[in-house]
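Here the structure is laid out as structure tokens; the discussion comes afterwards.
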Amino acid sequence: MGFNIYDFTGMTHNMHVSFMEHMSPLMTTIVEWTIIGVCYLLFIALFGLFLVYAERKVCAMFQQRMGPMRVGYWGLLQTIADFIKLLMKELITPKGVDKFLYNLAPFIIMIATFMAMAVLPFAKGLQTLDFDIGVFYVTAVSSIGVIGILIAGWSSNNKYSLIGAMRSGAQILSYELSVSLSLVTMIILAGSMQLSVIVEGQRDAWFIFKGHVPALIAFVIFLIAGTAETNRGPFDLAEAESELTAGFHTEYSGIKFAFFFLAEYINMFIVAAMAVTVFLGGWMPLHFGSLESFNHVMDFIPPLVWFFLKVGGVIFLIMWFKWTFPRLRVDQILTLEWKYLLPINLVNILLMSLVVLTKFHL
Amino acid sequence: MSETKEIIISTDKIHTDQYLVNMGPQHPSTHGVLRLLVSLEGEVVHHIQPHVGYIHSGIEKMCEAISYPQIIHLTDRMDYLSAHMNNEAVALCVENALQVEVPDRVKYIRTIMDELSRLASHQLWWCVMGMDLGALTTFFYGLRDREHILDIFEETCGARMTVNYNLPGGLMFDIHPNFQKRVKDFLKEFKTKLPEYDELLTGNVIFRQRVDNIGHLTLEDAIAWGVTGPSGRGSGFSCDVRKHQPYSAYPMVQFEEKLDTKGDSFVRYRLRIEEMWESIHIIEQLIDNIPEGDYAVKMKGVIKLPEGEFYQRVESARGEFGVYIVSDGKKNPYRVKFRSPGFSNLFALNKMAAGHKIADLVAIMSTLDLVIPDIDR
Amino acid sequence: MNGLFEYIKTVFKGVGTLLTGMKITGSYFFRPWKHVTQQYPENRETLKMFDRFRGEVIMPHNENNEHLCTGCGICELNCPNGSIEIISMSVLTEDGKKKRAIDKHIYHLGMCTFCNLCVKACPTGAIIMGQEFEHAVWDRTKLTKVLNLPGSKIAQGVKE
């Protein structure tokens, strides 16, 4: 099959060819879709569970605790045990809920998550869809999730849920702007919206180094806005457990709650992966212009490792925010967006355009 | 649900565009079983009606059936975070009624214990305040430091929260031989930890936005609603019993009554942090100078108060705590009434939080430092 | 223009305060050996309560199965919530006199608030506070204990 840890293009191509030899084109498509779907399902389930475990351990370390220690070695199986517990719990449908929408909401959120996953390049050749408008697609798809949140809050027949959903609506609509604009800043630098081209453009230097100060500012803004988009602290207004008990998913139980929970963590992964792809060179190794031997050593590390290392780093940063800062109030969250992030972002785009025009970048 | 409807009918202020939310009795930020009936207009709080009594345990009534030393152990369970102060209030009340003068050693130890429990209480308040605002890490840092004080209590008094260390006429035991060393070690360590509290929360721009200019309480309102303690002093109400009616060793130490006139959430927050520094200062003055002597005066086996009414107030961590005993000369009191600071402070909540958002309501509530058993008794 | 400077200043100041907070939490993150968690059932051997810790009321017996309790009932009187019941009996002393002695010192652990008043009041020091704190049982009847061991008697020379 031509397995190569540094380049998956050959492997996927060979697989496609061998399928085509034995099956009709329609069958090939169906089989390939199934394989890809199973891969994503497995990845989301396992990586989501791992992220929950990692979050619990990381926050424990920030708080001078040890975190889960009982199930498995150092609590490694804790989240699996929790997941089994959630699977076995009763699915409660409270009185007076809009049954259809109430049951639909978790799926909408999961679908949005799956769709955004589809374009992420994990390594060379390991990308399901390579649109020429990849960045645009991610920003468009990730905002479907808010519909799920709004539906969940509205259909739950609970005032806390409704407040949470409305907050989340206002918040995500505004922060969408910052996410897109900070990505636009980088698109100016990259000259393309296709994710594979963006990654390929960072072969000699990552965009965050290439773009000087404007890229750094855009990165910070993207992190803040991205955190806000995933409804994580300090922007977890929609949940706000000290104010709204659990916000939009107060009334959900069992596996439906697990969907919300998993989606939050996978969304965090998507934001981190986007940040890595656009700012930190995707799966590209760290290269410094003239240090040949250093670059060679870096090349030796497989792209998948690079990708997940960087994603892990960004996720750690997001967790660090969450476990340090207090939560913002709903009007302050909008103030932050419209009075600070948006103007800074617009000026930043101008700066980046100047940098690109004057060919000041590396 | 029928109860909610009644309120709509009885209150003319509630319009059709507002809605009622029951915050509590089970709610993460009410710190227990407090129920707030909040009428909201979107996110904005219009009116708050606190409903108390969900954890009412009838302590005042129980006190009528038991003797005076036994009353003290019940006061542990009211405001469990300032158990020493509550104990001391009853002990002082009985001593004053019998005109017993306790040795200086007792006064010193009582004052040190008071300030230690004030520190512990404020530490817990600080971590819960952070938690209410969404910064969960503060919770663990506060509890980490509080653990040392509870260890001190456990070593000397035998219990961590329900200490029951005071008796009419003195103390249950003498201090443990390790007591002074432990307290000094703790103070030394805590002095390095307290600035961390400031760096983590006080200076934080998000935190400041959440508390600055939120929940104003005017001096008139503070006095009218009887808001005492750091919450009242934030509005400029000079109500520190330690200053105005000194008891135990407070006349012998130098300390400041921290006052501010702004009356917003941040001032209430800052005063508590400053009170922690003051408490450290007070303990430092006393800890090396504990005089030798008895740790209790010999009292009669059965304590009977003379006929009459007796009142003693102390400054607990939340405000003015008062004990009012009516005695008919028997070994049990005829009537006992506790003036609990939390009860009065809670009902000023409507004055402070009306017009602010739900998130602010939570923040204001935590600046009042409510302990629900203290409210319900 | 002044407003712009103010604006930039607030941005930098705000970011500065946020970074200070992150410095604190980060400094603890990278010092994991300073964690304060005690793993309770594992540390049973090293976990020692303070000697004054009030876990339960116990009545120490010496090697001859003798205790110091005279059955006077002062502890029962001092108990605020009726956790102690004294059942006394009369025994004949060597010189033929009738004397009160303890038959059963019943202690309801489930009702006890560990206030120490009984121990404080005991004239002979017969009961003390034990350090045992693992009181969970499956059946609440097990919380009612008889403190004096079966067949025990009062030690010589204890006066009421």
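Chains as they are written, first to last, in this note's numbering: chain A, -19 to 342; chain B, 229 to 605; chain C, 17 to 176.
We treat Cβ as the ideally placed atom computed from N, Cα and C, and that holds for glycine.
Chain A within 8 Å of residue i, Cβ atoms only
{"i": "Ala363/B", "result": "yes"}
{"i": "Leu20/C", "result": "no"}
{"i": "Phe418/B", "result": "no"}
{"i": "Ile586/B", "result": "yes"}
{"i": "Thr53/C", "result": "yes"}
{"i": "Val27/C", "result": "yes"}
{"i": "Gln437/B", "result": "yes"}
{"i": "Gly443/B", "result": "no"}
{"i": "Gly529/B", "result": "no"}
Partners in chain A for residue i, counting only beta-carbon separations shorter than 9 Å
{"i": "Lys50/C", "result": "Gln44"}
{"i": "Leu34/C", "result": "Phe301, Thr304 and Phe305"}
Residues near residue i in its chain [Cβ-Cβ closer than 7 Å; skip 5 each side]
{"i": "Cys131/C", "result": "Pro96"}
{"i": "Ser176/A", "result": "Pro101, Gln107 and Asp110"}
{"i": "Pro265/A", "result": "Met278, Asp279, Ile281 and Trp286"}
Test: residue i CB closer than 8 Å to a CB of chain C
{"i": "Thr304/A", "result": "yes"}
{"i": "Thr390/B", "result": "yes"}
{"i": "Met254/A", "result": "no"}
{"i": "Met49/A", "result": "yes"}
{"i": "Tyr320/A", "result": "yes"}
{"i": "Phe401/B", "result": "yes"}
{"i": "Ile283/B", "result": "no"}
Cβ-based neighbour list, residue i, same chain, cut-off 6 Å, excluding 5 preceding and 5 following
{"i": "Cys128/C", "result": "Ser99"}
{"i": "Arg338/B", "result": "Glu316 and Ser476"}
{"i": "Leu130/A", "result": "Ala145 and Gly149"}
Own chain, CB closer than 8 Å to residue i, minus 5 neighbours either side, in chain order
{"i": "Glu537/B", "result": "Tyr552, Ile553, Val554 and Ser555"}
{"i": "Pro601/B", "result": "Gly260, Ile283, Ser285, Arg305, Met306, Asp307 and Tyr308"}
{"i": "Leu326/A", "result": "Leu161"}
{"i": "Val564/B", "result": "Glu288, Cys291, Glu292, Ile299, Val551, Tyr552, Ile553 and Val554"}
Min CB distance residue i to chain B below 8 Å
{"i": "Glu212/A", "result": "One detail in the question is off: residue 212/A reads as Arg in this sequence, not Glu. Not an interface residue."}
{"i": "Leu108/C", "result": "no"}
{"i": "Ser343/A", "result": "This structure does not reach residue 343/A, given that chain A is present from -19 up to 342, and the question cannot be answered."}
{"i": "Arg307/A", "result": "yes"}
{"i": "Ile343/A", "result": "Outside the shown range of chain A (-19 to 342) lies residue 343/A, about which nothing can therefore be said."}
{"i": "Gly89/C", "result": "no"}
{"i": "Lys113/C", "result": "no"}
{"i": "Asp216/A", "result": "yes"}
{"i": "Tyr23/C", "result": "no"}
{"i": "Gly30/C", "result": "yes"}
Neighbour list for residue i in chain A, Cβ cutoff strictly below 8 Å
{"i": "Phe368/B", "result": "Gln43, Gln44 and Arg45"}
{"i": "Asn432/B", "result": "Phe305 and Pro306"}
{"i": "Val590/B", "result": "Ser222 and Glu223"}
{"i": "Pro256/B", "result": "Glu221, Ser222 and Thr225"}
For residue j and residue i, believed in contact at Cβ under 8 Å, the rounded distance
{"i": "Gly491/B", "j": "Gly462/B", "result": "5 Å"}
{"i": "Thr489/B", "j": "Gly464/B", "result": "4 Å"}
{"i": "Ala218/A", "j": "Gly206/A", "result": "Rounded, the Cβ-Cβ distance is 15 Å, inconsistent with contact."}
{"i": "Phe(-12)/A", "j": "Gly114/A", "result": "Contact flag wrong, Cβ pair sits at about 17 Å."}
{"i": "Gly547/B", "j": "Asn573/B", "result": "6 Å"}
{"i": "Glu427/B", "j": "Thr36/C", "result": "5 Å"}
{"i": "Leu399/B", "j": "Ala524/B", "result": "6 Å"}
Neighbour list for residue i in chain C, Cβ cutoff strictly below 9 Å
{"i": "Trp300/A", "result": "Met38, Thr41, Gly42 and Phe45"}
{"i": "Arg374/B", "result": "Under the 9 Å cutoff, chain C gives no residues; its nearest Cβ is about 11 Å from Arg374/B."}
Partners in chain C for residue i, counting only beta-carbon separations shorter than 7 Å
{"i": "Pro297/B", "result": "Leu133"}
{"i": "Met97/A", "result": "The contacting residues do not exist; Met97/A stays about 29 Å from chain C at best."}
{"i": "Met382/B", "result": "What sits at residue 382/B in the sequence shown is Glu, not Met. What Glu382/B touches in chain C: Phe66 and Phe69."}
{"i": "Ala387/B", "result": "Arg70 and Phe130"}
Residues that residue i contacts on chain B, provided the C-beta gap is smaller than 9 Å
{"i": "Gly126/C", "result": "Neighbours of Gly126/C on chain B: none; closest Cβ ~16 Å, over 9 Å."}
{"i": "Val310/A", "result": "Glu271, Lys585, Ile586 and Ala587"}
Chain-ordered chain B contacts of residue i [CB-CB under 8 Å]
{"i": "Pro57/C", "result": "Within 8 Å Cβ-Cβ: nothing; Pro57/C doesn't reach chain B, min ~19 Å."}
Contacts of residue i in chain E (Cβ-Cβ under 7 Å)
{"i": "Tyr155/A", "result": "Here the protein chains are A, B and C, and chain E is not one of them."}
Chain B residues whose Cβ lies nearer than 7 Å to that of residue i
{"i": "Met17/C", "result": "In chain order: nothing, as chain B lies at least about 24 Å away."}
{"i": "Lys139/A", "result": "Tyr247 and Val249"}
- Item | Secondary structure, alpha helix (DSSP H): runs of 4+ residues fully inside the segment 383 to 466 of chain B | The segment 383 to 466 of chain B contains these whole alpha helix (DSSP H) runs: 407 to 425, 433 to 439, 447 to 453 and 457 to 461.
- Query: Can you give, in chain order, each stretch of the alpha helix (DSSP H) that sits fully within the segment 63 to 149 of chain A and has at least 4 residues?
  - Reply: 79 to 97, 114 to 122 and 125 to 135
- Query: Whole alpha helix (DSSP H) runs in the segment 514 to 568 of chain B with 4 or more residues, listed along the chain?
  - Reply: none
- Query: What are the uninterrupted segments assigned as beta strand (DSSP E) that are 3 or more residues long and contained completely in the segment -9 to 22 of chain A, given in chain order?
  - Reply: none
- Message: List, from N- to C-terminal side, the alpha helix (DSSP H) runs of 4 residues or more that fit wholly inside the segment 267 to 348 of chain B.
- Response: 287 to 291, 296 to 303 and 311 to 326
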